[in-house]
Amino acid sequence: MKKTIAIVGAGPGVGFAVAEKFGIEGYNVALLARNVEKLNALKDDLLKKALRLQLSRPIY
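Quick note on numbering: the sequence shown equals residues 545 to 604 in the working numbering.
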């Protein structure tokens, strides 16, 4: 069974580095943040690293 990590307050700094590291190691990574634009930017950067992503709709 794959392990899952949730990153709360995901952003371009530490959040990105943690998501990248655990994604490369095969973890399921859940990114949570208040700002949808920042999450979309983070998603685009992670896709450039060839990590697989599954996106869900924001909860308001």
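Cβ coordinates follow ideal geometry from the N, Cα and C atoms, glycine included.
Here the structure is a predicted model, which means the values were calculated and not measured.
Local Cβ density within 10 Å of residue i, reported as buried at 16 or more and exposed below that
{"i": "Leu597", "result": "exposed"}
{"i": "Leu586", "result": "buried"}
{"i": "Val573", "result": "buried"}
Euclidean distance between Cα positions of residue i and residue j
{"i": "Asn579", "j": "Ala563", "result": "17 angstroms"}
{"i": "Leu576", "j": "Val552", "result": "5 angstroms"}
{"i": "Ile549", "j": "Leu595", "result": "15 angstroms"}
Supposed close pair residue i, residue j - CB separation, criterion 8 angstroms
{"i": "Phe560", "j": "Asp589", "result": "6 angstroms"}
{"i": "Gly570", "j": "Lys546", "result": "7 angstroms"}
{"i": "Lys582", "j": "Gly555", "result": "6 angstroms"}
Entirely within the region 561 to 585 and at least 3 residues each: give me those beta strand (DSSP E) ranges in chain order.
572 to 576
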